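For the sequence shown, position 52 (counting from the first letter as 1) is numbered 86 according to this note's numbering, and the numbering increases by one without interruption.
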Amino acid sequence: MKKIINTPNAPAPIGPYNQAVLTGNTLYTSGQIALHPETMELVNEDIKTETKQVMENMKAVLAAADMTFDNVIKSSIFISDMNTFKQINEVYGSYFDEATAPARETVEVANLPKFVNVEISMIAVK
Numbered sequence: 035m036k037k038i039i040n041t042p043n044a045p046a047p048i049g050p051y052n053q054a055v056l057t058g059n060t061l062y063t064s065g066q067i068a069l070h071p072e073t074m075e076l077v078n079e080d081i082k083t084e085t086k087q088v089m090e091n092m093k094a095v096l097a098a099a100d101m102t103f104d105n106v107i108k109s110s111i112f113i114s115d116m117n118t119f120k121q122i123n124e125v126y127g128s129y130f131d132e133a134t135a136p137a138r139e140t141v142e143v144a145n146l147p148k149f150v151n152v153e154i155s156m157i158a159v160k
């Protein structure tokens, strides 16, 4: 059985998907980009600000499923330029305890939705 997770505290989906799906105790999130949830405008003044907005959006999706970053077991990070990895990693890492951080991959891609610089998805377990 699956439960659809959507919250007004994260950007509304811009396609035929939901913010997350909970099945059993496992939450699968859709990728989040740096859209401000109230205005649906991109927050991308610089890569750190953009990454922070992505992580805040993810925080809201996790909260809607009664979870936190402590529940995350796997992250996928897609970036448009591997040269920005250090700044992205700095912001991303501030949301986790390094000793219990989730598994992760980071992949450079040609393009992302709305031509953003970073998109992150997660899997979390209660």
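Glycine residues also receive a C-beta, built at the ideal position from the N, C-alpha and C atoms.
Note that the structure is predicted; figures quoted are calculated from it, not measured.
Legend entry - Among Gly127, Lys36 and Ala158, nearest to Asp100 - alpha-carbon criterion: Answer by Cα proximity: Ala158.
Inset, instruction - Go to Phe130, then tell me how far its alpha helix (DSSP H) extends in each direction, as first and last residue. - result: Note, Phe130: premise wrong, no alpha helix (DSSP H); not H, not E.
Inset, instruction - Report the partner residues of Phe112 according to the DSSP bridge assignment. - result: DSSP, once it has assigned bridges, lists Val141 and Glu153 as partnering Phe112.
Legend entry - Beta-bridge partners of Val95, as assigned by DSSP: Paired residues: none, contrary to the question.
Inset, instruction - Check each candidate in Lys120, Val152 and Ile107 and name the one with the smallest Cα separation from Pro136. - result: It is Ile107.
Inset, instruction - With Lys37 as the anchor, note down where its beta strand (DSSP E) starts and where it stops. - result: Start and end: Lys36 to Ile39.
Inset, instruction - Given a cut-off of 8 Å, decide if Val150 and Lys86 are closer than it, judged by their beta-carbon atoms. - result: When the beta-carbon positions are compared, Lys86 and Val150 stay at least 8 Å from each other.
Inset, instruction - Could you check the C-alpha separation between Pro147 and Ile48 for me, to the nearest Å? - result: If I take the Cα positions, the gap works out to 10 Å.
Inset, instruction - May I ask you to list the residues that DSSP assigns as paired with Ile126? - result: It should be pointed out that residue 126 corresponds to Tyr in this sequence rather than to Ile. According to DSSP, which records beta bridges pairwise, Tyr126 is partnered with nothing at all.
Inset, instruction - Output the residue ranges of the alpha helix (DSSP H) runs that lie fully inside the region 53-106 and measure 4 residues or longer, sorted by chain position. - result: As for any alpha helix (DSSP H) of minimum length 4 sitting wholly inside the region 53-106, the runs are 81-98, ordered along the chain.
Legend entry - Short Cβ contact (8 Å threshold) for Glu142 with Asp115: The answer is yes: Cβ separation under 8 Å.
Legend entry - Nearest-angstrom Cα separation, counted from Asn52 out to Ser64: Looking at the two C-alpha atoms, the distance is approximately 7 Å.
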